[in-house]
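For what it's worth, numbering that gives the first Met the number 0 labels the leading residue of the sequence shown as 0, then goes sequentially. Glycine included, every Cβ here is placed at the ideal spot set by N, Cα and C. Please read all numbers here as calculations on a predicted model, not as lab measurements.
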Amino acid sequence: MKIFIVTDIEGVAGVLDFENYCTPRGAFYEMGKRLLTEEVNACIDGFFAGGATEVLVCDGHGHGAIDPELLDERATLQRGAATPVWPFTLDETFDGIAWVGQHAKSRTPWSHISHTGSFNVKELTANGVAIGEFGKMALAAAELGVPVIFAGGEDAFAREAEELAPGVVAVGVKKGCNSEDGLDEVSDEVYAKSKLSAIHLAPKKARKLLREGAKAAAEKLRREPDSFKTNLMPPPYELKCVFRKVESNPDFPAVLYQRHDKSFIGALNAPYEKE
Numbered sequence: 000m001k002i003f004i005v006t007d008i009e010g011v012a013g014v015l016d017f018e019n020y021c022t023p024r025g026a027f028y029e030m031g032k033r034l035l036t037e038e039v040n041a042c043i044d045g046f047f048a049g050g051a052t053e054v055l056v057c058d059g060h061g062h063g064a065i066d067p068e069l070l071d072e073r074a075t076l077q078r079g080a081a082t083p084v085w086p087f088t089l090d091e092t093f094d095g096i097a098w099v100g101q102h103a104k105s106r107t108p109w110s111h112i113s114h115t116g117s118f119n120v121k122e123l124t125a126n127g128v129a130i131g132e133f134g135k136m137a138l139a140a141a142e143l144g145v146p147v148i149f150a151g152g153e154d155a156f157a158r159e160a161e162e163l164a165p166g167v168v169a170v171g172v173k174k175g176c177n178s179e180d181g182l183d184e185v186s187d188e189v190y191a192k193s194k195l196s197a198i199h200l201a202p203k204k205a206r207k208l209l210r211e212g213a214k215a216a217a218e219k220l221r222r223e224p225d226s227f228k229t230n231l232m233p234p235p236y237e238l239k240c241v242f243r244k245v246e247s248n249p250d251f252p253a254v255l256y257q258r259h260d261k262s263f264i265g266a267l268n269a270p271y272e273k274e
């Protein structure tokens with residue numbers, strides 16, 4: 000049983016903000032990387048305990064956030080853009096796809112450090128359905144026939160995953176404290192600063208729950224592979240990206256599109272078009 004893990008850092012328990020924990024210039028960036036890698040290791044251990052025979056970890060954070068020195072030696076690590084970019088190195092040989100450290104999509108109430116690609120994105124839709132970073136990869140996996148089996152990250156992301164991919168085993172490790180009230184028209188910088196309050200599980204507790212969830216997901220995949228469903232809409236595909244005001248670039252376009260007649264993955268790799 001071969002599992003593909005997508006990682007991010009903003010949804011990790013103990014990662015308190017973006018500036019200090021999620022960027023190379025941050026005072027606690029190395030701590031953030033360690034916290035993520037330990038959550039990933041907990042999930043790797045759970046997947047193997049549940050019957051996995053191979054695990055690939057795809058470091059999905061923009062700056063990179065997996066510490067290779069700390070990574071469980073049973074896993075392999077992929078970093079860097081593939082050609083084409085989407086769906087990175089995921090293919091039909093994988094039996095399941097999982098997420099660790101993931102944050103919710105932009106415009107999600109009670110979320111923490113939530114965004115879609117960057118803080119200047121107000122909303123991304125696929126055929127009219129709002130999706131986030133998770134949704135892009137989950138729908139790509141669905142096109143390949145790879146089920147979404149596990150979703151670990153903030154509570155708001157766990158709910159997002161359950162809605163798009165019924166049957167997924169979801170584990171939340173922190174909960175955002177702020178709603179979305181009044182945030183639709185603010186700039187990217189203001190939006191980023193408004194999403195920094197959360198209540199976190201202790202990292203050791205989070206890892207325990209993540210391991211249990213990963214083990215349960217692997218066991219469920221072995222016993223009930225058809226219980227995992229991802230709601231991939233029929234073609235043609237249109238991705239519509241609506242942007243916030245960008246304080247550093249007032250001429251930035253308000254809306255961009257990607258389209259493909261037959262393939263969702265094709266749409267992800269299509270050039271951007273203006274309205």
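Straight-line gap, residue i to residue j (C-alpha atoms, nearest Å)
i: Cys42; j: Ala150; result: 10 Å
i: Glu72; j: Thr52; result: 13 Å
i: Gly127; j: Ala169; result: 25 Å
i: Arg243; j: Ala80; result: 26 Å
i: Lys261; j: Ala140; result: 15 Å
i: Gly25; j: Asn177; result: 23 Å
i: Lys1; j: Phe93; result: 5 Å
i: Ala125; j: Ile264; result: 12 Å
i: Glu10; j: Arg78; result: Residue 10 is actually Gly in this sequence, not Glu. In a straight line, the C-alpha of Gly10 is about 19 Å away from that of Arg78.
i: Val167; j: Lys32; result: 25 Å
i: Ser105; j: Ile8; result: 16 Å
i: Asn119; j: His199; result: 25 Å
Residue i, DSSP secondary structure in three states
i: Cys42; result: helix
i: Glu211; result: helix
i: Thr124; result: strand
i: Tyr271; result: coil
i: Ala197; result: strand
i: Asp58; result: strand
i: Glu68; result: coil
i: Ser117; result: strand
i: Glu53; result: strand
i: Ile112; result: coil
i: Thr36; result: helix
Nonlocal neighbours in the same chain, by C-beta distance under 6 Å from residue i, ignoring five residues either side
i: Pro83; result: Asn268
i: Ala217; result: Phe46, Gly49, Gly50, Ala51
i: Glu246; result: Ser186, Glu188
i: Leu209; result: Glu38, Ala41, Cys42, Gly151, Val170
Sequence-distant residues of its chain with Cβ nearer than 7 Å to residue i (five each side left out)
i: Leu76; result: Val56, Asp58, Ile65, Pro67, Leu70
i: Asn19; result: Gly25, Ala26, Phe27
i: Ala157; result: Ala150, Ala169, Val170, Gly171
Per DSSP, the bridge partner or partners of residue i
i: Ser186; result: Lys244
i: Gly152; result: Gln101, Gly171
Practice item. State whether the region 225-238 contacts the region 55-67, with contact taken as three or more CB pairs (one from each stretch) at a distance under 8 Å. Key: Touching, no, given that fewer than three Cβ pairs across the two stretches are closer than 8 Å.
Practice item. Could you tell me whether the region 93-101 touches the region 187-194, where touching means 3 or more Cβ pairs closer than 8 Å? Key: By the criterion of at least three beta-carbon pairs nearer than 8 Å, the region 93-101 is not in contact with the region 187-194.
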